[in-house]
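Chemist: My questions will all concern the structure given below.
Number of protein chains: 2
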Amino acid sequence: MSFDRLIQKISEKNNPTVAGLDPKLDYIPDHIKEEAYTKYGKTLEGAAEAIFAFNKGLIDALCDVVPAVKPQSAYYEMYGWQGVRTLAKTIEYAKQKGLFVITDAKRNDIGATMQAYSAAHIGHTDIEGEKIEAFGADALTVNGYLGTDGIKPLLDICKADDKGIFVLVKTSNPSSGELQDKKLDDGQTVYRTMGDMCETWGKDTVTALGYSAVGAVVGATYPEQLGELRKALPHTFFLVPGYGAQGGGAKDVAPSFDKNGKGAIINSSRGIMCAWKKENCDPHEYAQAARREAVRMRDEIVSCIG
Amino acid sequence: MSFDRLIQKISEKNNPTVAGLDPKLDYIPDHIKEEAYTKYGKTLEGAAEAIFAFNKGLIDALCDVVPAVKPQSAYYEMYGWQGVRTLAKTIEYAKQKGLFVITDAKRNDIGATMQAYSAAHIGHTDIEGEKIEAFGADALTVNGYLGTDGIKPLLDICKADDKGIFVLVKTSNPSSGELQDKKLDDGQTVYRTMGDMCETWGKDTVTALGYSAVGAVVGATYPEQLGELRKALPHTFFLVPGYGAQGGGAKDVAPSFDKNGKGAIINSSRGIMCAWKKENCDPHEYAQAARREAVRMRDEIVSCIG
């Protein structure tokens with residue numbers, strides 16, 4: 475129930491990190507792209523095929539190191555429905571390899587429409603009584619600007635199908651404070667208010683492991699707020715972007731964790747996907763380079779939470 | 475530039491309304507579904523084909539009455555990548571028929587990722603120098619919770635490619651006030667603060683027609699706030715959901731318009747798509763029923779703005 479499956483996978487691998495799969499074409503070695511372009515041309519389909527081949531290699535190399543992957547929907551939508559097909563295939567392949575899959579899509583809408591997004595990404599679509607998984611991820615990132623109506627349909631699926639959501643609370647980008655850091659007339663910041671809403675939304679789903687099905691996205695680039703939120707939201711599991719390429723270091727993410735070193739998962743996307751470029755190794759060994767970086771990141775973060 | 479193309483189409487048709495294309499299977503007549511299921515089974519592909527056939531019929535019947543359509547992404551994602559292919563085909567077909575297409579996807583993310591969403595939905599994807607339209611809508615709805623970083627990449631495309639965005643300001647759902655109506659310590663509501671951000675983001679893109687490329691989503695279900703925002707945001711074009719099935723009437727949407735009766739477009743989805751059910755007419759005439767409802771809605775709204 476809730477994030478228990480994720481928490482268990484983190485324990486098994488002693489690794490509270492998630493590999494982001496945000497596959498820009500620039501990140502993909504030429505030999506993979508050339509093979510796809512030869513078959514399908516320099517088209518949306520060609521790009522989508524190259525991305526799937528790249529992802530498969532990464533997943534094969536990472537699946538015994540990391541507990542989870544986080545495909546970012548934008549980098550698939552960018553390649554049209556063909557790219558979205560690659561998203562679906564990537565999710566399926568990662569699940570086959572035992573990984574927990576978080577689709578990072580930051581969906582949000584009014585209740586009736588959110589029901590459709592919930593079914594699409596973490597639930598089932600009903601076609602004349604046939605229940606079909608459209609994308610079938612384990613968890614979805616969402617935006618809570620619309621309030622409870624936009625969260626409720628997700629909770630129903632979290633309870634029924636053992637899934638989770640991560641609500642944007644304090645994001646990792648430079649301008650996140652423009653709205654999120656503003657203070658309300660009760661003296662609370664907007665991000666803290668959103669965080670408190672996460673605790674409320676999740677309260678019926680807290681398990682024996684201490685966390686609910688409603689997690690929060692809190693950026694590593696704001697370690698002070700990360701620490702404040704960790705204390706204020708004891709049942710909210712954190713997804714922490716911003717480590718690595720965005721500037722957050724291992725010390726910055728340390729405040730994400732509770733006193734037992736649990737309660738958060740740290741994302742790295744570019745750092746892992748582009749490790750072969752940073753190492754300047756043979757591009758055919760991109761997946762091994764990704765694995766080396768994932769191991770280094772794991773060890774660095776585990777050492778910081780002691 | 476900006477929303478000029480939309481404003482022009484509204485003038486030509488004397489109709490400030492947009493037909494929402496949120497095609498639930500329940501809304502589609504049996505004969506269309508049966509034909510698709512016979513070919514493709516009760517599968518994601520079967521459902522996606524039925525939706526495309528339904529949409530084509532609607533677009534054919536509506537294209538000389540309404541200036542624009544608004545497909546809601548959730549109802550396509552629900553049918554997997556096959557559904558997303560139907561979204562792409564629907565956008566293409568609507569554009570061929572001269573309609574302005576607003577993809578209602580409420581996307582949001584940090585800058586680098588928002589660049590990918592912008593390219594996907596209103597711009598071009600670069601594949602080794604080839605520029606390809608992935609979805610190619612004219613405008614996109616977005617969520618501004620992340621601040622300027624998440625809007626800037628869209629503005630670049632709005633300027634370069636003559637497109638527009640609609641930022642969620644005050645949404646139509648019952649719980650929209652939970653965050654949006656809260657007051658900040660400067661006495662402004664969150665929704666008004668977001669509205670002011672829209673004016674700021676759009677200021678370099680205001681055209682001779684008076685509106686910028688940065689519009690706002692403001693629900694018909696909150697007519698008082700609609701009037702307040704219309705006065706406060708003189709250069710922000712409004713997309714107004716909530717008319718019809720959600721409870722907003724023609725009088726409720728009247729405050730959306732400026733003193734010249736311009737500056738807003740009113741959406742109806744279920745009312746138009748399900749007109750055949752409400753009329754209880756021959757399901758084969760669903761498109762004509764949709765057209766009758768679109769004409770009725772046009773006349774009702776035009777009469778209210780004088």
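Listed in order, the protein sequences are those of chains X and H. If you're matching positions, the first sequence starts at 475 in the numbering used here and goes up one per residue. If you're matching positions, the second sequence starts at 475 in the numbering used here and goes up one per residue. C-beta atoms are modelled at their ideal positions from N, C-alpha and C, and glycine is treated no differently. Predicted model only: the values in this text are computed from it and were never measured.
#1: Less than 8 Å between the CB atoms is what I'm expecting for A535 (chain H) and A690 (chain H), so what's the real figure, rounded?
#2: Would you mind giving the Cβ-Cβ distance between T645 (chain X) and L532 (chain H), rounded to the nearest angstrom? I have them listed as a contact below 8 Å.
#3: Helix, strand or coil for D773 (chain X), going by three-state DSSP, please let me know.
#4: Can you check DSSP and say which residues form a bridge with F712 (chain H)?
#5: Hey, quick one: how far does the beta strand (DSSP E) through T577 (chain H) stretch, first residue to last?
#6: Along the chain, where does the alpha helix (DSSP H) containing L480 (chain H) start, and where does it finish?
#7: With 9 Å as the threshold, decide whether the Cβ of A764 (chain H) is near any Cβ in chain X.
#8: Would you give the residue range spanned by the beta strand (DSSP E) that D623 (chain X) belongs to?
#9: Can you give me the start and stop residues for the beta strand (DSSP E) that P545 (chain H) sits inside?
#10: So, helix, strand or coil for D600 (chain H), using DSSP?
#11: Considering only residues of the same chain and omitting the five flanking positions on each side of Y665 (chain X), which have a CB-CB separation below 7 Å?
#12: Between the Cα of Y550 (chain X) and the Cα atoms of H:W555, H:Y549 and H:I525, which residue gives the shortest distance?
#13: With DSSP collapsed to three states, give me the class of A724 (chain H).
#14: Can you find a CB in chain H that lies within less than 9 Å of the CB of Y553 (chain X)?
#15: Taking contact to mean 3 or more Cβ pairs, one atom from each stretch, closer than 8 Å, check whether the stretch 571-579 of chain X and the stretch 505-524 of chain H are in contact.
#16: Under three-state DSSP, which class holds K605 (chain H)?
#17: Under a Cβ-count criterion, where at least 16 other Cβ atoms within 10 Å of its own Cβ denotes burial, should K725 (chain X) be classed as buried or exposed?
#18: Of all the residues that make up the stretch 648-669 of chain X, which are near chain H by a beta-carbon distance shorter than 8 Å?
#19: What separation, rounded to the nearest whole angstrom, lies between the Cα atoms of K530 (chain H) and Y567 (chain H)?
#20: Hey, how far is the Cα of R704 (chain X) from the Cα of V769 (chain X)?
#21: For L518 (chain X), I'd like the list of residues in its chain whose CB is within less than 7 Å of its CB, leaving aside the five on either flank, ordered along the chain.
#22: Against chain X, which members of the stretch 615-626 of chain H pass a CB distance test of less than 9 Å?
#23: Is Y717 (chain H) closer than 9 Å to D481 (chain H) when the C-beta atoms are compared?
#24: Measure from the C-beta of Q546 (chain H) to each C-beta in chain X and report whether the shortest distance is under 9 Å.
#25: Here's a check: name, in chain order, each residue in its chain whose Cβ is nearer than 7 Å to the Cβ of A510 (chain H), leaving out the five neighbours to either side.
#26: Could you give the uninterrupted runs of the alpha helix (DSSP H) lying entirely in the stretch 484-523 of chain X, keeping only those of 4 residues or more?
#27: So which of X:R479, X:K483, X:V492 and X:N734 has the shortest CA-CA distance to M747 (chain X)?
#28: In the DSSP assignment, find the beta strand (DSSP E) that holds K705 (chain X) and state where it starts and stops.
#29: Alpha carbon to alpha carbon, what distance is there between D612 (chain X) and T599 (chain X)?
#30: How big is the Cα-Cα spacing for R772 (chain H) and D623 (chain X)?
#31: Report the residue from H:D496, H:C537, H:D583 and H:D538 whose alpha carbon sits nearest the alpha carbon of S547 (chain H).
#32: Return yes when the C-beta of L653 (chain H) is under 8 Å from any heavy atom of the ligand PLP, and no when it is not.
#33: Taking C-beta pairs closer than 7 Å, name the residues in chain X that E604 (chain H) reaches, listed in chain order.
#34: Give every residue of the same chain whose Cβ lies closer than 7 Å to the Cβ of Y696 (chain X), excluding the five residues on either side of it in the sequence, and list them in chain order.
#35: At which residues does the beta strand (DSSP E) containing T560 (chain X) begin and terminate?
Modeler: Let's see:
#1: About 30 Å separates the two Cβ atoms, so there is no contact after all.
#2: 38 Å between Cβ atoms; not a contact.
#3: It is helical.
#4: H:A690 and H:A738
#5: F574 to R581
#6: Unbroken alpha helix (DSSP H) run through L480 (chain H): D478 to K487.
#7: no
#8: No beta strand (DSSP E) contains D623 (chain X), which DSSP labels as neither H nor E.
#9: A542 to P545
#10: strand
#11: V643, K644, Q654, D655 and Q699
#12: H:W555
#13: helix
#14: So yes, Y553 (chain X) belongs to the interface.
#15: By the Cβ test, the stretch 571-579 of chain X is not in contact with the stretch 505-524 of chain H, since fewer than three Cβ pairs between them sit closer than 8 Å.
#16: strand
#17: exposed
#18: P648, S649, S650, G651, E652, L653, Q654, K656, K657, L658, D659, G661, V664, T667 and M668
#19: 7 Å
#20: Each residue's Cα considered, the two are about 25 Å apart.
#21: Y553, G554, Q556 and G557
#22: Those residues of the stretch 615-626 of chain H that come within reach of chain X (Cβ to Cβ, closer than 9 Å) are N617, G618, Y619, L620, G621, T622, D623, G624, I625 and K626.
#23: The amino acid occupying residue 481 (chain H) in the given sequence is Ile; Asp does not appear at that position. In this structure, Y717 (chain H) does not lie closer than 9 Å to I481 (chain H) by Cβ.
#24: Nearest CB-CB separation between Q546 (chain H) and chain X: below the 9 Å threshold.
#25: G520, E523, A524 and A527
#26: Unbroken alpha helix (DSSP H) stretches of 4 residues or longer found wholly inside the stretch 484-523 of chain X: 504-514, given in chain order.
#27: Selected option, being the one with the closest Cα: X:V492.
#28: Run containing K705 (chain X): none in the beta strand (DSSP E); it sits in the alpha helix (DSSP H), P697 to A706.
#29: 15 Å
#30: 29 Å
#31: When each option's Cα is compared against that of S547 (chain H), the closest is H:D496.
#32: No copy of the ligand PLP appears in this structure; indeed no ligand is present at all.
#33: K516
#34: K644
#35: Premise fails: T560 (chain X) lies in the alpha helix (DSSP H), G554 to Q570, not in any beta strand (DSSP E).
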